[in-house]
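Participant:
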Amino acid sequence: MPDVLTWLRGLPQPFLLLAAGSLIVADSGLLIGLVLPGTSALLALGVLARLDVVNLVVAGVVAAVAAVAGPQLAYLRSLGGDFPVPQRFLAARERAAALVGRLGLPAVCCGQWLGPIRTLTPRLAARAGIPYRRFVSVSVPTATVWSLTLLAVGYLGSAVYETLSQWLGIGAAAVAAAVVAVVWATRRFDSRRATRREYSESR
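In the numbering used here, the protein residues as written are 1023 to 1225.
#1: Could you name the residues of the same chain whose beta carbon sits closer than 7 Å to that of ALA1089, not counting the 5 residues immediately before and after it, in chain order?
#2: According to DSSP, simplified to helix, strand and coil, what is PRO1138?
#3: My guess is that ALA1119 and ALA1096 are in contact by the Cβ rule of under 8 Å, so how many angstroms apart are they, rounded?
#4: Please name the residue, chosen from PRO1128, VAL1084, ASN1077 and ALA1148, that lies closest to ALA1041 on a Cα-to-Cα basis.
#5: For PRO1036 and LEU1030, I'd like the C-alpha separation in whole angstroms.
#6: Let me know if ASP1074 comes out buried or exposed under the rule of 16 or more other beta-carbons within 10 Å of its beta-carbon.
#7: Rounding to the nearest angstrom, what Cα-Cα distance links ALA1148 and VAL1079 in this structure?
#8: Using a Cβ-Cβ cutoff of less than 7 Å, which residues in the same chain neighbour ALA1196 once the five nearest sequence positions on both sides are dropped?
#9: Can you look up GLY1151 in the DSSP assignment and give me helix, strand or coil?
#10: Going by other Cβ atoms of all chains shown within 10 Å of its Cβ, with 16 needed for buried, is GLN1094 buried or exposed?
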């Protein structure tokens, strides 16, 4: 871990933010997002902010903008027919689009939080005929909250890890000290008892 952090600290902050932002956009904006670690990128960005590798405020802005841009890109590309699937999955795609159409905006909101479904939901919403304005009215705030929540989890999670590590270090030292004290007290007690026994026998 220290070696990785040393390496990251040596990289320009704009490069780190660009790399993380690109992953977050692609997470839902491109079909390859099905296998990209968008969530992990947000968590990592929070950790890097906690460790002062990147600025927290700038990281939050990048995370929110990238998270909002991804679904918009996916929706708009799908309007142009960019939602290819193998022939055998065409029926499944249409059923999924019909389901999103029936559920409406709640599906857009929930889909943002559900892994690979996050990549498919904007495309299904476009295919289901949900108007762009309605889609944006839910997608933008949901994506913003999603991104900042994960960023905060990464930031606070690393803080908890640091605190826990310090606590465990102190705890381990305390346990070691207690063991030494018990051993010393036991030996001292045995020594005194042996001395008293010898004194009693000598009388």
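Backbone N, C-alpha and C define an ideal beta-carbon position, used for all residues, glycine too.
Since the structure is predicted, the reported quantities are computational estimates derived from the model, not experimental observations.
Facilitator: Per the coordinate set shown:
#1: ILE1046, ALA1165, THR1166, TRP1168 and SER1169
#2: coil
#3: Not confirmed; about 13 Å, so no contact.
#4: VAL1084
#5: 12 Å
#6: exposed
#7: 33 Å
#8: Reliability of the predicted coordinates at ALA1196 is poor, the pLDDT of 43 falling under 50, and no value is obtained from them.
#9: coil
#10: buried
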